[in-house]
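Trainee: Residue numbers (the numbering used here): 8 to 695. Note that CB positions come from ideal geometry on N, CA and C, so glycine has one too. Nothing here was measured: the structure is a model prediction, and the numbers come from that model.
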């Protein structure tokens with residue numbers, strides 16, 4: 008069993024029943040140590056621990072502490088440049104801060120020793136419950152991951168690979184019958200080819216789930232460890248003859264292989280160099296023909312090119328007729344069809360005829376878009392791929408009659424209700440209205456590893472506290488690495504007011520711990536935020552920014568993570584107290600500047616961002632990226648996205664009865680109990 012995986016996904020640990028010996032006092036001591044990291048034992052876990060011997064309890068506690076510490080960042084030492092932070096920064100004169108910084112830069116960047124005593128920490132957040140699990144529940148983690156109807160995060164894909172690598176041929180016992188999402192099919196198929204090649208069940212899996220030439224391409228990419236979204240290029244590795252023959256056989260039987268191959272002609276040229284299709288010219292002639300067409304570039308027009316041609320020519324009626332062949336593409340193009348068609352109602356009629364064939368995530372997106380106000384304050388676009396980016400522009404779309412938009416939204420809703428009504432009944436359902444703040448997990452391929460995985464744009468309630476302490480920890484890569492923690496302050500109109508950064512350690516109620524520019528053994532920076540002081544001066548939005556000043560991408564560092572703590576008294580306890588950590592996120596993207604989260608101080612909400620800036624300015628700090636930072640902030644606030652309250656309410660209406668309280672319900676949907684926004688694998692597999 009992978010204890011770290013189980014703990015991370017379900018907050019549970021598996022403990023074999025022992026023969027007894029541990030005393031209540033010893034269990035209480037273990038609970039106290041766990042509490043320092045912000046966790047508490049459930050009643051069931053406490054009872055199971057009482058069956059262990061003293062030696063087994065000691066060993067279990069040590070191993071569990073080692074697993075829990077990285078969840079909050081407590082596995083690293085967090086020493087700020089100014090050992091008396093924050094009081095030392097708060098009281099220091101500018102000249103004194105300057106001299107401290109100069110000493111740091113000129114003394115080979117050594118941290119000063121700390122001789123300051125700190126009073127004990129008195130406050131802490133409500134602990135996370137550590138519960139008792141089972142082998143059966145652990146093994147059940149794989150099925151909902153594989154059954155997801157939207158893209159997986161890097162962490163999700165790694166977990167799938169672990170199961171295949173560890174269970175090998177026995178993994179088929181854990182796999183669901185259906186794998187609906189094509190990228191996930193590629194991930195599973197690639198892992199099966201790598202770890203149990205030659206097993207006849209692998210061939211059967213691929214025959215059932217690899218349907219198109221692009222599926223074959225994704226499978227080859229997954230086998231080589233590349234990006235199955237195909238947003239970035241993959242370097243194809245040499246393959247055994249049996250693997251090459253299997254991929255070519257799948258390509259040979261794919262329908263419309265030539266047209267499909269031409270959509271990614273350059274990728275197929277590179278893959279063809281590895282597959283050597285000429286070796287199987289007689290047995291698999293259609294595979295050879297498709298790859299040859301990519302090499303020569305002389306294929307007939309593709310479906311996508313015909314769509315673009317009709318759109319450029321303004322032939323909207325002909326375009327709508329063509330798109331009826333592919334309902335999902337029709338739904339994605341619905342907005343432009345409604346804006347340009349001479350008869351928008353006829354377009355809605357056509358959409359209604361094929362809506363039942365459109366995937367649930369696409370219907371949810373269309374419904375959110377058609378129900379949103381127009382024009383939008385900002386149109387934002389996050390491209391597909393492994394790196395989270397955002398682009399924005401003003402909303403210059405032409406008008407659409409409100410009646411047409413309302414009817415299109417109703418078509419989506421009716422199709423979803425009809426689809427959900429075919430699923431098993433839920434009985435009495437309670438849907439917490441707070442779920443409107445949490446977004447539906449559509450595309451998680453760019454999501455970072457974090458203490459709590461959320462969907463970009465979700466809004467979390469902030470703890471009832473006056474102070475927030477941001478933290479950053481990193482370690483040098485192959486050379487000196489300087490990572491900077493900064494914050495930008497904006498008012499309610501998204502107008503920039505000030506920064507707190509290495510060049511400005513105090514402003515508006517924000518205090519920086521000092522700039523560390525070298526981290527051979529790891530280093531930490533902190534920023535304290537006095538929420539009362541900031542709001543009194545008109546600050547609404549706080550945007551933390553993580554900048555690689557020495558321009559190494561985060562993916563090249565051994566470790567880099569950031570997060571935030573809720574502190575009642577910034578001068579009590581240690582500078583880094585694990586039990587006050589609210590969120591922690593790994594910074595490991597192929598970029599040099601990222602925005603992990605943002606804060607709305609007026610509504611006391613944290614906005615989950617997990618975004619990267621694409622620009623590379625001369626001076627890579629938050630002040631020079633204000634245009635991009637402001638853009639990302641506005642994109643998160645203004646972009647319409649489907650929310651979980653809408654999704655779960657549709658399920659309740661279709662296959663249950665809505666009730667007013669969780670006590671009355673058979674099925675509960677809430678941020679705190681039942682199905683929560685953090686149960687992403689369950690949501691993606693069972694409710695989409």
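Is it buried or exposed, residue 637, if we count other Cβ atoms within 10 angstroms and call 16 or more buried?
Mentor: buried
Trainee: Short of 7 Å in beta carbon distance, which residues of its chain neighbour residue 430, apart from the five on each side in sequence? Order them along the chain.
Mentor: 662
Trainee: Considering just the uninterrupted stretch of the beta strand (DSSP E) at residue 518, what are its terminal residues?
Mentor: 517-519
Trainee: Just reading off the beta strand (DSSP E) that residue 176 is part of, what are its end residues?
Mentor: Looking at the DSSP string, residue 176 is not in any beta strand (DSSP E), and its letter there is neither H nor E.
Trainee: Do residue 477 and residue 534 count as a contact pair if the criterion is CB distance below 8 Å?
Mentor: yes
Trainee: Count Cβ pairs between the region 418-427 and the region 372-381 that sit closer than 8 Å; are there 3 or more?
Mentor: Because the criterion of three Cβ pairs below 8 Å is met, the region 418-427 and the region 372-381 touch.
Trainee: Going along the chain, which residues of its own chain have a beta-carbon closer than 8 Å to the beta-carbon of residue 345, five neighbours each way excluded?
Mentor: 351, 354, 355, 407, 411, 412 and 415
Trainee: Could you pull out every residue in the same chain whose Cβ sits closer than 6 Å to the Cβ of residue 380, ignoring the five residues on either side in sequence?
Mentor: So the list is empty, once near-sequence residues are dropped.
Trainee: Using only the alpha-carbon positions, how far apart do residue 111 and residue 79 sit?
Mentor: Any reading at residue 111 needs caution, since the residue's pLDDT is 49, under 50, leaving its predicted position unreliable; the model's value is listed next. Those two C-alpha atoms are separated by around 28 Å.
Trainee: Taking the C-alpha atoms as reference points, what is the distance between residue 330 and residue 309?
Mentor: 13 Å
Trainee: If you draw a straight line from the C-alpha of residue 595 to the C-alpha of residue 229, how long is it?
Mentor: 20 Å
Trainee: Measure the Cβ-Cβ separation of residue 178 and residue 171 and say whether it is below 8 Å.
Mentor: yes
Trainee: Less than 8 Å separating the beta-carbons of residue 541 and residue 550?
Mentor: Contact flag unset, no.
Trainee: Can you list the beta strand (DSSP E) stretches of 3 or more residues lying completely in the region 11-76, in chain order?
Mentor: 46-48
Trainee: What's the C-alpha gap between residue 692 and residue 69?
Mentor: 35 Å
Trainee: Does DSSP classify residue 429 as helix, strand or coil?
Mentor: coil
Trainee: Under three-state DSSP, which class holds residue 603?
Mentor: strand
Trainee: Who are the near neighbours of residue 49 in its chain, counting only those whose CB is closer than 8 Å to its CB and skipping five residues on each side?
Mentor: 136, 137, 138 and 139
Trainee: Report the three-state DSSP secondary structure of residue 184 (helix, strand or coil).
Mentor: coil
Trainee: Pick out whichever of 479, 144 and 668 has its Cα sitting closest to the Cα of residue 583.
Mentor: 479
Trainee: If you check the beta carbons only, do residue 34 and residue 53 fall under 8 Å apart?
Mentor: yes
Trainee: How about residue 74 and residue 14: do their beta carbons lie closer than 8 Å?
Mentor: yes
Trainee: Count the other CB atoms within 10 Å of the CB of residue 325; is the residue buried (16 or more) or exposed (fewer)?
Mentor: exposed
Trainee: Given that a residue counts as buried once 16 or more other Cβ atoms are within 10 Å of its Cβ, and exposed if not, what is residue 141?
Mentor: So residue 141 ends up on the exposed side.
Trainee: Give the range of the beta strand (DSSP E) segment to which residue 613 is assigned.
Mentor: Residue 613: member of the beta strand (DSSP E) spanning 612-619, first to last residue.
Trainee: Residues in its own chain within less than 7 Å of residue 337 by CB, not counting five upstream and five downstream?
Mentor: 330, 331, 358 and 361
Trainee: From residue 12 to residue 23, what does the alpha carbon distance come to, in whole angstroms?
Mentor: Distance between the alpha carbons of residue 12 and residue 23: 18 Å.
Trainee: Within the chosen definition, does the region 290-303 reach the region 311-322 through at least 3 CB pairs nearer than 8 Å?
Mentor: No, the region 290-303 does not touch the region 311-322.
Trainee: Around the Cβ of residue 55, are there at least 16 other Cβ atoms within 10 angstroms (buried) or fewer (exposed)?
Mentor: buried
Trainee: Am I right that residue 153 and residue 193 are in contact with their C-beta atoms under 8 Å? What's the rounded C-beta distance?
Mentor: Actually they are not in contact, since the Cβ atoms of residue 153 and residue 193 sit about 12 Å apart, beyond 8 Å.
Trainee: Quick check on the DSSP output: what are the complete beta strand (DSSP E) runs of length 3 or more inside the region 481-553, in order along the chain?
Mentor: 490-497, 503-507, 517-519 and 530-537
Trainee: List in chain order: all unbroken alpha helix (DSSP H) runs of 4+ residues lying wholly within the region 223-260.
Mentor: 248-259
Trainee: Tell me the DSSP secondary structure of residue 400 in three-state form.
Mentor: strand
Trainee: Tell me whether residue 696 sits in a helix, a strand or coil according to DSSP, three-state version.
Mentor: Residue 696 lies beyond the range of the chain shown here (8 to 695); nothing can be said about it.
Trainee: Residue 688 lies in the alpha helix (DSSP H); which residues open and close that run?
Mentor: 687-693
Trainee: In three-state DSSP terms, what is residue 681?
Mentor: strand
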